[in-house]
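Have a look at the structure below before the remarks.
In our numbering, the protein residues as written are 46 to 110.
Written out as structure tokens, the structure reads:
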């Protein structure tokens with residue numbers, strides 16, 4: 046019975062200690078998100094994609110209801 050109690054307590058403490066990200070993981074996640082945002086910005090502001098987006102928005106605004 047005591048063994049089971051300690052096992053449950055140890056498992057709970059271990060799960061609590063491993064919950065969430067550490068500071069280094071936050072830093073890596075932030076760097077990855079910034080990199081992805083930079084690539085996405087470059088793609089969206091490229092000539093081809095920009096023209097396509099303007100075309101889609103123009104057709105949506107000129108649509109007859």
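Note that CB positions come from ideal geometry on N, CA and C, so glycine has one too.
{"query": "Residue 107 in three-state terms, based on DSSP", "result": "coil"}
{"query": "Alpha helix (DSSP H) segment containing residue 90, residue limits", "result": "Element bounds for residue 90: n/a, residue is neither H nor E."}
{"query": "As assigned by DSSP and simplified to three states, the class of residue 46", "result": "coil"}
{"query": "Residue 82 in three-state terms, based on DSSP", "result": "helix"}
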